[in-house]
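Per UniProt numbering, the very first residue in the sequence shown carries number 5; after that it's consecutive. Just so it is clear, CB atoms sit at the ideal spot from N, CA and C, and this is done for glycine as well.
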Amino acid sequence: PFEAAIFDLDGVIVDTAKFHYKAWKRLAGELGFAFSESENEQLKGVSRMESLDLLLRCGGLTDVSPERREALASRKNEWYKELLATLTPADVLPGVGSFLGLLRSRGIKTGIASASQNAPLIIDKVNIGPLFDAVVDGNSIVRAKPDPEVFLQAARLLGVAPAACFVFEDAAAGVEGALRAGMRVVGIGNGKLLARSHLAITSFEQLEPIFLMSHIGAAGH
Ligand code: G6P
Ligand code: MG
């Protein structure tokens with residue numbers, strides 16, 4: 005049975021994925037190449053520097069010094085933070101608040117497992133901190149998703165065995181990381197990209213939470 009629910013942040017709890025895309029696209033534009041939404045998919049869930057490397061590769065720019073990479077990444081992050089400044093509690097994705105409330109009322113622990121170093125800022129802007137028992141983010145992990153580290157740390161903080169956790173993820177790298185952690189995974193968004201998840205949904209709203217819990221509880225993995 006389930007004792008904890010662990011949520012990715014960007015694209016699951018808050019629609020910051022569109023801000024990441026805007027900022028990366030702007031950087032690509034300055035560097036002189038186009039960057040499509042489908043190319044952006046592979047950046048989801050991936051750390052800032054790895055995302056930059058993927059972006060540069062899309063533009064055919066492979067010979068960029070580490071100093072220049074640092075400068076480009078912080079440039080992107082400044083634009084991204086300008087977009088984050090506009091966040092309000094209304095930007096929490098539909099259905100998330102009531103689903104979290106339901107989990108907590110049943111004594112299920114809740115956690116965040118995010119690759120983002122901006123997670124504390126985002127959590128503060130949309131005021132969801134009180135809904136979570138533990139937060140692990142890009143400031144406290146060494147290995148980025150698809151490494152399972154961020155999920156295992158969250159489970160440890162929650163005091164729950166990985167097999168008793170389920171994870172909500174919108175990115176292929178995150179689904180992979182959660183599977184490697186030995187957890188069950190619900191993919192949110194593009195079903196094709198989340199093919200390896202145990203269950204794929206398009207939004208929390210669409211979901212009858214009680215059905216979800218019994219459905220994945222019966223999956224028997
Ligand atoms: C999340 C997002 C990624 C982002 C990463 C690092 O996982 O899905 O798109 O690159 O966090 O975010 P940061 O805010 O530290 O640049
Ligand atoms: Mg995400």
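| Item | Value |
| --- | --- |
| Segment contact flag, the segment 6–20 with the segment 107–115, C-beta cutoff 8 Å, min 3 pairs | yes |
| Alpha carbon of ARG52 to alpha carbon of GLY191, nearest angstrom | 22 Å |
| At least three beta-carbon pairs within less than 8 Å, the segment 135–145 to the segment 155–166 | yes |
| Candidates HIS202, VAL164, GLY163, ALA165, of which the one nearest GLU180 by Cα | HIS202 |
| Start and end residues, beta strand (DSSP E) containing GLU209 | Note, GLU209: premise wrong, no beta strand (DSSP E); not H, not E. |
| Sequence ranges, alpha helix (DSSP H) only - wholly within the segment 72–122, length at least 4 | 100–109 |
| Element boundaries [alpha helix (DSSP H), containing GLY36] | From DSSP, GLY36 is part of no alpha helix (DSSP H); its letter is neither H nor E. |
| Cβ distance (whole Å) where LEU97 is taken to contact ILE126 below 8 Å | Rounded, the Cβ-Cβ distance is 12 Å, inconsistent with contact. |
| Integer-rounded CB distance, given that ASP174 should sit under 8 Å from GLY33 | In fact, because the Cβ distance is near 25 Å, the residues do not count as touching under 8 Å. |
| Near the ligand G6P: ARG30 beta-carbon under 6 Å from a heavy atom | no |
| Residue range of the beta strand (DSSP E) that includes residue 247 | The question about residue 247 has no answer, for the chain in this structure spans 5 to 225. |
| Separation of LYS80 from ALA27, as counted between CA atoms | 6 Å |
| Where the beta strand (DSSP E) containing GLY178 begins and where it ends | Taken as a continuous stretch (DSSP letters only), GLY178 belongs to no beta strand (DSSP E), being part of the alpha helix (DSSP H) at 176–184. |
| Beta-carbon spacing of LEU91, LYS149 below 7 Å | no |
| Where ASP164 sits in the DSSP three-state scheme | Note that residue 164 is Val in the sequence shown here, rather than Asp. DSSP places VAL164 in coil when its eight states are reduced to three. |
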